[in-house]
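Q:
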Amino acid sequence: MTRFGKWYKEVVMPAGLLAALIIGAGMFALPYVFSEAGFVTGFFYLALFAAVFGTVHLMYAEVIIGTKGEHRFVGYAQIYLGTGAKSVSVVTTLVGLLLTLAIYIILSVSFIKLVFPAIPSTAAAIAFWALGSMVIVFSLKKLAILESIVTPALIGIVLILFIFGVSAVGTVSLPGISGNLPKLFLPYGIVLFSLSGRAAISSVRDYYRKNKLDEGRIGQAIALGTIVPAVIYFIFAVSVFWLSPNGVSLESVSGLAFIPPVLLGLVGILGFVSIWDSYFFLCLEAKDIFVYDFGLPSVAATGLALATPLALYFYGNQNLLGFMGVAGGIFLAIESVLVVLMRNRLKRIGAWGYFIITVFVTGALYELAKLF
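Each residue of the sequence shown is one higher than the last, beginning at -13 in the numbering used here.
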């Protein structure tokens, strides 16, 4: 094997796996919050948290590699931080999952309307929820292959939107930094929600072990796999801003102009399939937490996993930014702090580690304050 071939297999392939698992629903809220906070502000958030999450992802990889046996996230929390931390990890993981499922339902409406403009929003949401919930009844595991198809297609759509944006309106001046202080903090939770990939790290480690590769290269793969989504997100945000002459919509897609209807329909289909593919697997994961961590009967666990996201959708007034802010700024922040603390028990963290904890704790308190 050539040096390039070795590098491609040991770094690029696992980095691509991580990037594919990170890129998701959060991408569609970034153009709006960047247009409000300013694109210099948005770039700062992406750069800072690409570095932060690159570190958190690497720390979690070190915890996985340095611990004997196979465990879930809650298992590592119990091993390194005790029973109390295990309970916290269970609650944060479950609530984060349920909020994410509600976010997918909210986003599904806009994607469906790109293909079927006349459909009522409530009908679109219920249709997506019903399709996404089918996995609880039917075995649809083979559809996991969609992830390997949809993510590259979404990246392709981002690049096409960028080309249309440049050709249609040129390099229109982007808003730099908002003079409104609250707006400067608007991207925080959404960027966290968009860049977190802790749950994918075990798959990256498994890739190295399955292919008997040097795990010493995992740091390079994690760094690359965390940076690539941040770059794609920024390109997407700029493209959507250029293509939204009447203002960027909350979910990015409903305000798009200057592009052919066929491409809009393709965006709708790919967006729908990408979140649908993720929805039913997250729904199963939520059910498993109800069963294995809370000890509920399978029927009750199934009912809660199915009903809670739809209830959140209606109860939360379809507040996309609010749900993402809470899921990312509070629950993913707590999860990330737990990772840093685990790594500290395995090997002492330095000033950068304590800085990460400070950022997450401060941000979580800010997001909590916004709720009251």
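Idealized CB from N, CA, C, for every residue including glycine.
By the three-class DSSP mapping on this structure, what secondary structure does Val81 have?
A: helix
Q: Using a Cβ distance threshold of 8 Å, determine whether the stretch 251 to 271 contacts the stretch 91 to 104, with at least three qualifying pairs required.
A: Output reads yes: the stretch 91 to 104 touches the stretch 251 to 271.
Q: Enumerate in chain order the residues of its own chain whose CB-to-CB distance from Ala350 is below 7 Å, with the five nearest sequence positions on each side excluded.
A: Correct list, in chain order: Gly315, Ile316, Ala319, Ile320.
Q: Under 9 Å, do Gly175 and Met310 count as touching if we go by C-beta distance?
A: yes
Q: CA-CA distance, Phe300 and Pro168?
A: 27 Å
Q: Could you check how far apart the C-beta atoms of Ala223 and Pro17 are, in whole angstroms? I think they sit under 8 Å.
A: 4 Å
Q: Measuring CA to CA, which of Leu229, Val326, Tyr219 is closest to Phe14?
A: Tyr219
Q: Taking all protein chains shown into account, do 16 or more other C-beta atoms lie within 10 angstroms of the C-beta of Glu237, making it buried, or fewer, making it exposed?
A: Its Cβ being crowded by 16 or more others within 10 Å, Glu237 is buried.
Q: Fully enclosed by the stretch 64 to 121, which beta strand (DSSP E) runs are 3 residues long or longer?
A: Whole beta strand (DSSP E) segments, 3+ residues: zero.
Q: Ignore the nearest five residues each way along the sequence and tell me which others in Val38's own chain have a CB closer than 6 Å to its CB.
A: Ile342
Q: Just reading off the alpha helix (DSSP H) that His43 is part of, what are its end residues?
A: 25 to 51
Q: Just to confirm my understanding: we take Gly302, look at its own chain, exclude 5 residues before and 5 after, and list those with CB closer than 8 Å. What are they?
A: Ala88, Gly308, Phe309
Q: Unbroken beta strand (DSSP E) runs of length 3 or more, entirely within the stretch 222 to 246: which are they?
A: Within the stretch 222 to 246, no complete beta strand (DSSP E) run reaches 3 residues.
Q: Can you check whether the CB of Ile245 is closer than 9 Å to the CB of Leu147?
A: Yes, these two residues count as a Cβ contact at 9 Å.
Q: Excluding five sequence neighbours on each side, which residues of the same chain lie with their C-beta closer than 7 Å to the C-beta of Ala186?
A: Leu4, Leu7, Ile8
Q: In the DSSP assignment, the alpha helix (DSSP H) including Val190 goes from what residue to what residue?
A: 187 to 196
Q: Please look up how many angstroms separate the CB atoms of Met328 and Val81, rounded, as I've assumed it's under 8 Å.
A: Met328 to Val81, Cβ: 20 Å. No contact.
Q: Where do the ends of the alpha helix (DSSP H) carrying Pro161 lie?
A: Careful: Pro161 lies outside any alpha helix (DSSP H) and carries neither H nor E.
Q: Give me the Cα-Cα distance between Tyr62 and Phe97, rounded to the nearest whole angstrom.
A: 38 Å
Q: With 16 other CB atoms within 10 Å as the buried threshold, where does Glu409 fall?
A: Nothing can be reported for residue 409, as the shown portion of the chain is limited to -13 through 358.
Q: Among the candidates Gly24, Glu(-4), Ala47, whose CA atom is the shortest distance from the CA of Arg191?
A: Ala47
Q: Given that a residue counts as buried once 16 or more other Cβ atoms are within 10 Å of its Cβ, and exposed if not, what is Leu32?
A: buried
Q: Just verifying my parser: in three-state terms, what is the DSSP assignment at Ile9?
A: coil
Q: Would you mind listing the alpha helix (DSSP H) stretches within the stretch 270 to 347 that are 4+ residues and don't spill past its ends, in chain order?
A: 284 to 301, 306 to 312, 319 to 332
Q: Out of Glu22, Met45, Val285, Ala23, which one is the CA nearest neighbour of Ser322?
A: Met45
Q: Is Val60 closer than 9 Å to Thr79 when the C-beta atoms are compared?
A: yes
Q: Between which two residues does the alpha helix (DSSP H) containing Lys169 stretch?
A: Residues 167 to 170.
Q: Under 9 Å, do Gly241 and Ser225 count as touching if we go by C-beta distance?
A: no
Q: Can you tell me which of Ala297, Asp200, Leu268, Tyr265 puts its alpha carbon nearest to the alpha carbon of Tyr(-6)?
A: Asp200
Q: Would you mind stating whether Ala291 and Leu270 have Cβ atoms separated by less than 9 Å?
A: Less than 9 Å separates the beta-carbon of Ala291 from that of Leu270.
Q: By alpha-carbon positions, which one of Gly10, Glu22, Gly339 ends up nearest to Gly162?
A: Glu22
Q: Select from Thr(-12), Val(-2), Arg(-11), Ser284 the residue whose C-alpha is nearest the C-alpha of Gly205.
A: Val(-2)
Q: Would Lys72 pass as a contact of Gln64 if the rule is Cβ separation under 9 Å?
A: Yes, these two residues count as a Cβ contact at 9 Å.
Q: Reducing DSSP to helix, strand and coil, say where Glu201 ends up.
A: Three-state result, Glu201: helix.
Q: Just the Cα atoms here: how many angstroms apart are Leu250 and Val144?
A: 12 Å
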